[in-house]
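When you line the sequence shown up against the working numbering, it's residues 161 to 291, in that order. Here is the structure we will look at, set down as structure tokens.
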Amino acid sequence: MAKQPTQARVRRRERKNITSGVAHVNASFNNTMITITDAQGNAISWSSAGAMGFKGSRKSTPYAAQVAAEDAGKKAAEHGMKTLEIEVSGPGSGRESALRALQAVGFAVTSIRDVTPIPHNGCRPPKRRRV
Numbered sequence: 161m162a163k164q165p166t167q168a169r170v171r172r173r174e175r176k177n178i179t180s181g182v183a184h185v186n187a188s189f190n191n192t193m194i195t196i197t198d199a200q201g202n203a204i205s206w207s208s209a210g211a212m213g214f215k216g217s218r219k220s221t222p223y224a225a226q227v228a229a230e231d232a233g234k235k236a237a238e239h240g241m242k243t244l245e246i247e248v249s250g251p252g253s254g255r256e257s258a259l260r261a262l263q264a265v266g267f268a269v270t271s272i273r274d275v276t277p278i279p280h281n282g283c284r285p286p287k288r289r290r291v
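Quick look at the structure:
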């Protein structure tokens with residue numbers, strides 16, 4: 161007996177009504193990832209430079225971080241988010257442009273914190289590049 165073709169289930173994004181949240185900006189050397197969560201840390205929206213279609217070294221550019229931050233911000237604004245605390249982590253070049261993009265979307269930014277982990281003489285860092 162032939163199997164009936166099942167319809168693909170499309171999971172609808174449920175509209176939450178959250179007014180304030182936290183934007184976690186992770187700017188690494190290779191990519192920039194933005195996750196917007198509520199106060200408890202549950203993800204509301206996320207985006208990254210790679211998810212926006214940038215490949216290779218273009219992912220690490222400030223413009224790619226700006227596009228990713230705008231995308232994550234618009235998704236969060238659909239849920240009714242108005243105010244944001246921003247936590248920036250990592251040494252990447254997309255830090256400042258992601259902040260400016262989140263402010264340009266129309267969020268009221270209450271605080272900006274740098275939560276980059278600092279080693280107390282932990283792992284040995286990679287060797288210096290000789291180009």
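All residues carry an ideal CB built from backbone N, CA and C; glycine is no exception. Keep in mind that this is a model prediction, so the values were computed, not measured.
query                                                                                                                                                                          : result
Considering only C-alpha positions, which residue in the set Asn-202, Asn-281, Cys-283, Asp-274 is nearest to Lys-176?                                                         : Asn-202
Which residues in the same chain as Thr-197 place their Cβ atom closer than 7 angstroms to its Cβ, once the five residues preceding and following it in sequence are excluded? : Gly-181, Val-182, His-184, Ala-203, Ile-204
On a CA-only basis, which of Thr-270, Gly-250, Met-193, Asp-274 is nearest Gln-226? Give me that one, please.                                                                  : Met-193
Which stretch, first to last residue, makes up the alpha helix (DSSP H) that contains Ala-228?                                                                                 : 222-238
Output the distance between the C-alpha atoms of Leu-244 and Met-212, rounded to the nearest integer angstrom.                                                                 : 22 angstroms
When the Cα atoms are used, what is the spatial distance from Pro-286 to Ile-278?                                                                                              : 15 angstroms
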